[in-house]
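full-length UniProt numbering numbers the first residue of the sequence shown as 1 and each following residue consecutively. Think of the CB as a built atom: it goes at the ideal place given N, C-alpha and C, for glycine as much as any other residue. Encoded as structure tokens, the structure appears first; notes follow it.
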Amino acid sequence: MSTIAHMPVKKRNEMPSAEQRKASHLIGKIAWYALCILLSISMIFPLLWMITIALKSNSAIHELPPRLIPNEFHFENFILGPAQIHFPLLFMNSTIIAVVNTVGSVITSMLVGYGLSRIHFPGRRIWFYVFISSIFVPPLIGLIPIVRLAINMGFYDTWLPLILPAWLANPFFIFLFYQYALSIPYSYDEAAKLDGANHWTIFWKIIVPLTRPIWITMAIMSFQASWNDYLSPLVYLISDEKFTLSLGMASFAGQFAGVATTQYNYFMAANVFYMLPPLILFFLAQKYFMQGLGSLGSSMTQK
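Here you go:
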């Protein structure tokens, strides 16, 4: 009995040792990275498969089992593919429309967002809710009246119906800029007014530099939306020389491309060039993009 009484009792609620905590942390970190790698592969694989098809011959695309690495690399597809749809002309058309739309959408949305967030006037909140509520209105509702208006004004088969709406501000961009501008202290405006600055000076000299992340984010989103827009060019454009690249890619198998059946190796080769401008823009400005969305999320959480 005495020996049993003096035996040490094991504690049931012992804290894990430093080695155990370090091991569990390492296992959790490895599991997190493994999950991220799997998700990355699932998103990158379609891009790799597209490039693989672009490097194959048209007959090799349909072979079973499919090969991720082709036996022969047909780099000439990157020349012959874009040539099927007059790629340089359509690329220039899409670039002009996307750049003009991006500039107009960002500038007008910033001006409206500045007025709603920094200028106190009667009915400001009502106008804010009117703009924000228009986000939930489907664009297709006004398609027929706008098409009739474009025909009556002589804008049909021109780029004006594709460009003018972008210069009337974007409700979603107004909301983004409004929320971001509210995080900037009003003391900056008051100090500038004491030095004789008006609202135009405050906007360009103070607000625009301080809101760089959010308007760069708006520019990326606007460029991508305009670059990938298919419905509007399809509705308003008739002449082939005015087509955008999205129409050209969609018409690859039709009469516009001059082929009876789709040559998917040519199509994927042209598609690689089609997706490059938005990707390049994102990679060049991804720092501001992530910073803008992160700052916007934190400001909305605080409010």
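Work out the CA separation of residue j and residue i for me, nearest whole Å.
i	j	result
residue 229	residue 147	16 angstroms
residue 33	residue 47	21 angstroms
residue 232	residue 58	32 angstroms
residue 111	residue 223	19 angstroms
residue 96	residue 167	14 angstroms
residue 134	residue 109	14 angstroms
residue 227	residue 26	44 angstroms
residue 117	residue 88	43 angstroms
residue 137	residue 191	40 angstroms
residue 20	residue 107	56 angstroms
residue 238	residue 266	24 angstroms
residue 70	residue 35	29 angstroms
residue 172	residue 22	45 angstroms
residue 213	residue 41	29 angstroms
residue 274	residue 91	8 angstroms
residue 127	residue 120	12 angstroms
residue 80	residue 240	19 angstroms
residue 129	residue 153	31 angstroms
residue 165	residue 37	41 angstroms
residue 199	residue 186	12 angstroms
residue 170	residue 72	48 angstroms
Is residue i helix, strand or coil by DSSP?
i	result
residue 197	coil
residue 63	coil
residue 244	coil
residue 158	coil
residue 121	coil
residue 76	coil
residue 169	coil
residue 137	coil
residue 230	coil
residue 50	helix
residue 252	coil
residue 290	helix
residue 25	helix
residue 108	helix
residue 90	helix
residue 84	coil
residue 56	coil
residue 186	coil
Would the beta-carbon of residue i fall within 9 angstroms of that of residue j?
i	j	result
residue 61	residue 264	yes
residue 150	residue 161	yes
residue 104	residue 181	no
residue 202	residue 188	yes
residue 163	residue 101	yes
residue 285	residue 220	yes
residue 50	residue 272	yes
residue 211	residue 94	no
residue 82	residue 270	yes
residue 277	residue 98	yes
residue 131	residue 236	no
Could you give the C-beta distance for residue i and residue j, rounded to a whole number, given that I count them as a contact under 8 angstroms?
i	j	result
residue 249	residue 54	With 8 angstroms as the limit, residue 249 and residue 54 do not qualify as a contact, their Cβ atoms being about 13 angstroms apart.
residue 288	residue 216	4 angstroms
residue 242	residue 157	7 angstroms
residue 218	residue 176	6 angstroms
residue 64	residue 52	Rounded, the Cβ-Cβ distance is 15 angstroms, inconsistent with contact.
Between residue i and the ligand ZN, is there a pair consisting of the residue's CB and a ligand heavy atom that are separated by less than 8 angstroms?
i	result
residue 245	For the structure depicted, the ligand ZN is absent and the ligand set is empty, with no information on it obtainable.
Within the 9 angstroms Cβ cut-off, does residue i reach chain C?
i	result
residue 130	Among the chains in the structure shown there is no chain C, since it carries only a single protein chain.
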